[in-house]
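S.K.: Quick one: the structure is below, and I'll ask about it shortly.
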Amino acid sequence: MNHYECDLLVIGGGLAGFCAALSAAQAGLQVVVLEKTAQTGGSSAMSGGCLAFAGTDLQRSHGIEDSSQRLFDDLVDVGKGECDESLVKLYTDHQLETYQWLKDNGVVFADVIEAASGQSVPRVHNVDPADMVRQLQSAALATDKVEVWLHSRARRLLRNEGGRVTGASVERNGEQQHIMARSAVLLASGGFVQDRELIHRFVPQYDNAVFIGGEGNEGDGLRMAWALGADVRDLPYIKGTFGKHPMDEHNHHACLVVYKGAIAVNQDGRRFVDESQSYKLLGDAVMQQAFGVGYQILDQDIMDSGDNQVRILDFTRRLEEGLFIEAQTLEQLARLIEVPEDVLLAEVAAYNDAVRQGQPPEFGRQHLVHHHGQLRTLERPPFYAYPSTAAVFGTYCGVIVDSGLRVLDVFGEPIEGLLAAGEMIGGFHGAAYMTGSALGKAAVFGRLAGTRPGTASEG
Ligand SMILES: Cc1cc2nc3c(=O)[nH]c(=O)nc-3n(C[C@H](O)[C@H](O)[C@H](O)COP(=O)(O)OP(=O)(O)OC[C@H]3O[C@@H](n4cnc5c(N)ncnc54)[C@H](O)[C@@H]3O)c2cc1C
Numbered sequence: 019m020n021h022y023e024c025d026l027l028v029i030g031g032g033l034a035g036f037c038a039a040l041s042a043a044q045a046g047l048q049v050v051v052l053e054k055t056a057q058t059g060g061s062s063a064m065s066g067g068c069l070a071f072a073g074t075d076l077q078r079s080h081g082i083e084d085s086s087q088r089l090f091d092d093l094v095d096v097g098k099g100e101c102d103e104s105l106v107k108l109y110t111d112h113q114l115e116t117y118q119w120l121k122d123n124g125v126v127f128a129d130v131i132e133a134a135s136g137q138s139v140p141r142v143h144n145v146d147p148a149d150m151v152r153q154l155q156s157a158a159l160a161t162d163k164v165e166v167w168l169h170s171r172a173r174r175l176l177r178n179e180g181g182r183v184t185g186a187s188v189e190r191n192g193e194q195q196h197i198m199a200r201s202a203v204l205l206a207s208g209g210f211v212q213d214r215e216l217i218h219r220f221v222p223q224y225d226n227a228v229f230i231g232g233e234g235n236e237g238d239g240l241r242m243a244w245a246l247g248a249d250v251r252d253l254p255y256i257k258g259t260f261g262k263h264p265m266d267e268h269n270h271h272a273c274l275v276v277y278k279g280a281i282a283v284n285q286d287g288r289r290f291v292d293e294s295q296s297y298k299l300l301g302d303a304v305m306q307q308a309f310g311v312g313y314q315i316l317d318q319d320i321m322d323s324g325d326n327q328v329r330i331l332d333f334t335r336r337l338e339e340g341l342f343i344e345a346q347t348l349e350q351l352a353r354l355i356e357v358p359e360d361v362l363l364a365e366v367a368a369y370n371d372a373v374r375q376g377q378p379p380e381f382g383r384q385h386l387v388h389h390h391g392q393l394r395t396l397e398r399p400p401f402y403a404y405p406s407t408a409a410v411f412g413t414y415c416g417v418i419v420d421s422g423l424r425v426l427d428v429f430g431e432p433i434e435g436l437l438a439a440g441e442m443i444g445g446f447h448g449a450a451y452m453t454g455s456a457l458g459k460a461a462v463f464g465r466l467a468g469t470r471p472g473t474a475s476e477g
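Read in order, the letters of the sequence shown are residues 19 to 477 in the working numbering.
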């Protein structure tokens with residue numbers, strides 16, 4: 019069997035993997051990145067390209083006041099106190115320098131956009147996600163210290179007699195080989211959105227959801243870590259994102275008109291949730307409705323408030339694609355979507371009345387999204403409906419790490435030589451999710467994992 023050696027072995031060629039590879043190479047380490055599929059990118063490249071940072075130049079240019087502390091408070095708030103606060107702190111302590119580092123390494127942030135899920139101020143920094151990964155990969159390769167092996171699937175982790183992880187057994191182009199890592203092995207292999215059986219074990223209520231994500235994201239990293247006794251967190255909080263059109267196979271992103279003021283109704287024409295919540299909680303709520311499908315209902319003013327630079331807010335494109343159902347009156351709209359007319363009219367009237375009187379409508383909605391934005395009435399025709407179910411875009415749970423990103427075993431002891439970053443990690447999001455915090459976590463923790471492989475925790 020062939021043997022090969024490097025300093026840092028990175029398993030997974032997505033955002034976390036390339037941030038780690040680049041930062042490790044910049045620190046002088048020799049790195050090999052393994053990618054099991056034919057191309058790098060994973061879920062990162064197909065994502066919405068929204069990253070959550072706070073206190074940036076882009077925010078300042080829009081007069082948005084934000085800070086690491088505010089980001090911390092929002093992350094803990096949206097996670098419903100279920101997050102590992104030391105991980106959240108690790109993120110908030112290093113997010114701003116990571117934003118700058120990404121820019122210094124050629125990542126282009128187009129703009130900062132309106133507040134989205136879990137944000138009390140606008141802090142989504144938008145990129146072309148495939149370009150971002152390509153750029154980081156090119157920067158890593160340009161150091162001459164990084165190799166990328168495609169069609170190379172890590173199968174098992176290797177340990178020495180003392181129990182330290184020393185490498186991995188890899189299936190490369192159909193052949194087995196060992197690759198040894200002098201400093202550490204980093205699991206950056208994403209989540210397990212492509213393994214329906216594994217998902218069923220933890221959240222069977224999502225069996226009928228739509229699943230979208232990197233084709234190689236089958237939980238390999240999780241299983242390899244489990245085999246070594248790794249502990250896990252957040253498994254019950256796997257959730258789908260609300261706003262996926264159930265019939266649209268071309269556009270895999272969610273459309274969040276609710277965050278611009280739309281209401282969500284079920285097949286009976288009734289509202290069923292506070293629409294300003296994290297879209298993961300909205301995902302849970304829609305899965306409990308008949309057929310797991312509802313409608314986002316809006317008027318022309320809300321339609322006009324979309325942002326075609328941002329996939330989740332690009333209403334115009336969906337309108338052009340014929341995905342919105344349009345009618346001059348709410349009565350007609352109700353007939354088109356086959357919900358009882360009187361119920362839909364009464365729901366919209368009650369909602370509008372509450373908004374006009376400055377009272378929270380039913381379910382306690384107070385803002386457009388999280389603690390941000392004033393509610394709007396729905397009154398200017400035409401009216402629109404966007405059929406919406408939940409799509410599971412990621413698993414957002416995984417192995418427990420310490421603040422040195424070392425994987426911990428079930429007794430809370432570090433598994434020496436084994437690091438994890440990105441969607442592999444549990445504990446960061448807790449019970450729900452802030453837009454931009456998954457790519458953000460891949461970038462921040464990936465970069466940190468590369469700068470100090472195998473070093474002790476920050477405490
Ligand atoms: C449609 C969609 C939209 C999204 N939008 C956003 C967004 O706007 N903002 C946000 O914050 N998050 C978003 N997410 C979530 C986010 O994209 C992911 O959480 C994040 O990209 C994970 O990055 P990663 O580097 O950990 O994993 P990935 O980018 O998935 O990379 C993991 C890589 O590891 C490879 N791999 C797996 N197993 C092995 C193995 N055994 N050996 C070798 N390679 C292996 C995979 O093939 C894959 O290429 C979205 C996800 C999807 C699917």
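Here a beta-carbon is modelled for each residue, glycine too, at the ideal position from N, C-alpha and C.
Note that the structure is a prediction, hence the values are computed from the model and not measured.
Three-state secondary structure (DSSP) at residue 477?
M.R.: Here the question's residue 477 lines up with position 459 in the sequence shown. With a pLDDT of only 32 at residue 477, under the threshold of 50, the placement of this residue in the model should not be trusted, and no figure is reported.
S.K.: Please state if the CB of residue 347 and the CB of residue 10 are separated by a distance shorter than 8 Å.
M.R.: There is simply no residue 10 to check, as the chain begins at 19 and stops at 477 in what is shown.
S.K.: Closest by CA to residue 100, which one among 465, 447 and 468?
M.R.: Along the sequence shown, read from residue 1 onward, the residue named residue 100 stands at position 82. When each option's Cα is compared against that of residue 100, the closest is 447.
S.K.: Is residue 58 helix, strand or coil when you go by DSSP?
M.R.: Here residue 58 refers to the residue found at position 40 when the sequence shown is read from its first residue. It is coil, neither helix nor strand.
S.K.: Can you tell me where the alpha helix (DSSP H) holding residue 177 begins and where it ends?
M.R.: As a first step, residue 177 must be located in the sequence shown, where it is residue number 159. Per DSSP, residue 177 belongs to no alpha helix (DSSP H); it is in the beta strand (DSSP E), 170 to 177.
S.K.: Sorted by chain position, which residues of the same chain lie with C-beta nearer than 8 Å to residue 22's C-beta, five sequence neighbours on each side aside?
M.R.: Along the sequence shown, one-based indexing puts residue 22 at 4. Within the same chain, residue 22 has close Cβ partners 50, 195, 196, 197 and 198.
S.K.: Helix or strand or just coil, what does DSSP make of residue 285?
M.R.: Sequence index remark: in the sequence shown, residue 285 carries index 267 (1-based). Looking at residue 285 - three-state DSSP - the assignment turns out to be coil, as it is neither helix nor strand.
S.K.: Ligand 1 heavy atoms versus the CB of residue 55: any closer than 7 Å?
M.R.: Along the sequence shown, read from residue 1 onward, the residue named residue 55 stands at position 37. Checking the Cβ of residue 55 against ligand 1 gives yes.
S.K.: Just checking my contact of residue 224 with residue 230 at CB under 8 Å: how many whole Å lie between their CB atoms?
M.R.: Within the sequence shown, the letter at position 206 stands for residue 224. Within the sequence shown, the letter at position 212 stands for residue 230. Not a contact, Cβ separation roughly 13 Å.
S.K.: Is DSSP giving residue 185 helix, strand or coil here?
M.R.: Along the sequence shown, read from residue 1 onward, the residue named residue 185 stands at position 167. Strand, per DSSP.
S.K.: Compute the Euclidean distance between the alpha carbons of residue 311 and residue 416, then round it to the nearest angstrom.
M.R.: Start at 1 with the first residue of the sequence shown, and residue 311 comes out as number 293. Start at 1 with the first residue of the sequence shown, and residue 416 comes out as number 398. Each residue's Cα considered, the two are about 28 Å apart.
S.K.: Secondary structure at residue 468, three-state DSSP: helix, strand or coil?
M.R.: Here the question's residue 468 lines up with position 450 in the sequence shown. It is helical.
S.K.: Rounded to whole angstroms, what is the Cα-Cα separation between residue 340 and residue 319?
M.R.: Mapped onto the sequence shown, residue 340 falls at position 322. Mapped onto the sequence shown, residue 319 falls at position 301. Taking the straight line joining both Cα atoms gives about 18 Å.
S.K.: Give a single yes or no on whether residue 191 has its beta carbon closer than 7 Å to a heavy atom of ligand 1.
M.R.: Residue 191 sits at position 173 when you count from the first residue of the sequence shown. Not so, every heavy atom of ligand 1 lies at least 7 Å from the Cβ.
S.K.: With a threshold of 7 Å (Cβ to nearest heavy atom), would residue 230 be considered close to ligand 1?
M.R.: Translated into the one-based positions of the sequence shown, residue 230 becomes position 212. Residue 230: yes, Cβ under 7 Å from ligand 1.
S.K.: Tell me which residues share the same chain as residue 353 and place their Cβ nearer than 7 Å to its Cβ, disregarding the 5 neighbours each side in the sequence.
M.R.: Here residue 353 is taken as the residue at index 335 of the sequence shown, counted from 1. Excluding residues within five positions, the ones whose Cβ falls inside 7 Å are 359.
S.K.: Check whether the stretch 249 to 258 touches the stretch 441 to 458, counting contact only when three or more Cβ pairs, one atom from each stretch, lie closer than 8 Å.
M.R.: These segments touch.
S.K.: Within 10 angstroms of the Cβ of residue 192, are there 16 or more other Cβ atoms? Answer buried if so, exposed if not.
M.R.: Counting from one through the sequence shown, the residue named residue 192 turns up at place 174. The residue is exposed, with fewer than 16 neighbouring Cβ atoms inside 10 Å.
S.K.: Excluding sequence positions up to five away, which residues of its chain have a Cβ less than 6 Å from the Cβ of residue 172?
M.R.: Here residue 172 refers to the residue found at position 154 of the sequence shown. If we look at residue 172 and ignore the five residues flanking it on each side, its Cβ neighbours are 29, 52, 186 and 188.
S.K.: Rounding to the nearest angstrom, what Cα-Cα distance links residue 451 and residue 389 in this structure?
M.R.: Counting from one through the sequence shown, the residue named residue 451 turns up at place 433. Counting from one through the sequence shown, the residue named residue 389 turns up at place 371. Each residue's alpha carbon lies about 14 Å from the other.
S.K.: When DSSP labels each residue in this structure, what does residue 37 get in the three-state scheme?
M.R.: In the sequence shown, counting from the first residue as 1, residue 37 sits at position 19. In this structure, residue 37 counts as helix in the three-state DSSP scheme.
S.K.: Going by DSSP, what residue range makes up the alpha helix (DSSP H) through residue 160?
M.R.: For the purposes of this step, residue 160 is taken as residue 142 along the sequence shown, with counting starting at 1. Note, residue 160: alpha helix (DSSP H), 147 to 160.
S.K.: Just verifying my parser: in three-state terms, what is the DSSP assignment at residue 107?
M.R.: As a working mapping, residue 107 is identified with position 89 in the sequence shown. Here residue 107 sits in helix by DSSP.
S.K.: Around the C-beta of residue 132, are 16 or more other C-beta atoms found within 10 angstroms, so that it is buried, or is it exposed?
M.R.: Here residue 132 refers to the residue found at position 114 when the sequence shown is read from its first residue. Answer is buried; the Cβ neighbour count reaches 16.
S.K.: Pull the bridge partners of residue 229 from the DSSP assignment, please.
M.R.: Your numbering for residue 229 matches position 211 in the sequence shown. BP columns for residue 229 point to 410.
S.K.: Are the beta-carbon atoms belonging to residue 414 and residue 456 less than 8 Å from one another?
M.R.: As a position in the sequence shown, residue 414 is number 396, starting the count at 1. As a position in the sequence shown, residue 456 is number 438, starting the count at 1. Cβ atoms of residue 414 and residue 456: closer than 8 Å.
S.K.: Under a Cβ-count criterion, where at least 16 other Cβ atoms within 10 Å of its own Cβ denotes burial, should residue 226 be classed as buried or exposed?
M.R.: Counting from 1 along the sequence shown, the entry for residue 226 is found at position 208. It counts as exposed.
S.K.: List the endpoints of the continuous alpha helix (DSSP H) containing residue 312.
M.R.: As a first step, residue 312 is located in the sequence shown; it is residue number 294 there, counting from the start. Unbroken run through residue 312 is the beta strand (DSSP E), 312 to 316; no alpha helix (DSSP H).
S.K.: The alpha helix (DSSP H) spanning residue 77 covers which residue range?
M.R.: On the sequence shown, position 59 is the one that residue 77 refers to. From DSSP, the alpha helix (DSSP H) with residue 77 extends over 75 to 79.
S.K.: Can you check whether the CB of residue 82 is closer than 8 Å to the CB of residue 147?
M.R.: Stepping through the sequence shown from its first residue, residue 147 is reached at position 129. Stepping through the sequence shown from its first residue, residue 82 is reached at position 64. Their beta carbons are not under 8 Å apart, which means residue 147 does not touch residue 82 by this criterion.
S.K.: So, under 8 Å CB-CB, residue 280 and residue 314 are touching, yes? Tell me the CB distance rounded to an integer number of Å.
M.R.: Working through the sequence shown from its first residue, we reach residue 280 at position 262. Working through the sequence shown from its first residue, we reach residue 314 at position 296. Yes, residue 280 and residue 314 are in contact; Cβ-Cβ is about 4 Å, under 8 Å.
S.K.: From the DSSP output, which residues share a beta bridge with residue 432?
M.R.: For this step, residue 432 is matched to residue 414 along the sequence shown. Looking at the DSSP assignment, residue 432 forms a beta bridge with 426.
S.K.: Buried or exposed for residue 382, please, with buried defined as at least 16 other CB atoms from any protein chain shown within 10 angstroms of its CB.
M.R.: In the sequence shown, counting from the first residue as 1, residue 382 sits at position 364. By the 10 Å Cβ count, residue 382 comes out exposed.
S.K.: With a cut-off of 8 Å on the beta carbons, I'd call residue 211 and residue 262 a contact; round off their distance for me.
M.R.: As a working mapping, residue 211 is identified with position 193 in the sequence shown. As a working mapping, residue 262 is identified with position 244 in the sequence shown. Not quite, the Cβ-Cβ distance comes to about 13 Å (not below 8 Å), so this is no contact.
S.K.: Please report the residue range of the alpha helix (DSSP H) in which residue 374 lies.
M.R.: Your numbering for residue 374 matches position 356 in the sequence shown. Looking at the DSSP string, the run of the alpha helix (DSSP H) that includes residue 374 is 359 to 374.
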